[in-house]
């Protein structure tokens, strides 16, 4: 049987570090994962509970916070427990074997500040506002690059076609 999960998302809250009775570190957090489609009221997201143990748990608690972009690899686990009211609670979570930090703290703060700045600079649209017209490309103004192949044929490639 295969039980592997690989996800990339943003933390919805600060990671919560706890210790077991024997002193092992355990950190829990929730990841927000965007879905591949947009609904009428905006983009949809799934919120996945994650748990990580030992040294990785300590690192996640120390270096990550709400909004951190992380990649996790692990396995799904389902468990049950009885809450204080005597009701059975079912929990499905990802037990992470590894957590990759995908951006630095400075990058995250820069992204958040630019997003906040963009929200502050937006003018409210009234019913008579027109959206900005899309910019059209003028292919005559673009430069081309000549590349030679092994067969001495040359190809015209536009500068925008080069990925680097």
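In the UniProt record's numbering, the protein residues as written are 1 to 164.
Backbone N, C-alpha and C fix where the C-beta goes; we use that ideal spot for every residue, glycine too.
Let's test the definition: count the other Cβ atoms within 10 Å of the Cβ of residue i and tell me whether it reaches 16, buried, or not, exposed.
i: residue 131; result: Its pLDDT being 46, under 50, residue 131 is placed unreliably by the model, and nothing is read from it.
i: residue 2; result: exposed
i: residue 61; result: buried
i: residue 49; result: exposed
i: residue 9; result: buried
i: residue 72; result: buried
i: residue 68; result: buried
i: residue 35; result: exposed
i: residue 79; result: exposed
i: residue 108; result: buried
i: residue 57; result: buried
Measure how close the beta-carbons of residue i and residue j come, nearest whole angstrom, since I'm counting them as under 8 Å.
i: residue 11; j: residue 30; result: 7 Å
i: residue 95; j: residue 75; result: 6 Å
i: residue 5; j: residue 52; result: With a Cβ gap of about 13 Å, residue 5 and residue 52 do not count as contacting.
i: residue 33; j: residue 46; result: 5 Å
i: residue 24; j: residue 54; result: 6 Å
i: residue 77; j: residue 93; result: 6 Å
Using DSSP with H/G/I as helix, E/B as strand and the rest coil, what is residue i?
i: residue 100; result: strand
i: residue 75; result: strand
i: residue 3; result: coil
i: residue 13; result: coil
4 or more residues per run - each alpha helix (DSSP H) lying fully within the stretch 15 to 70: 54 to 63
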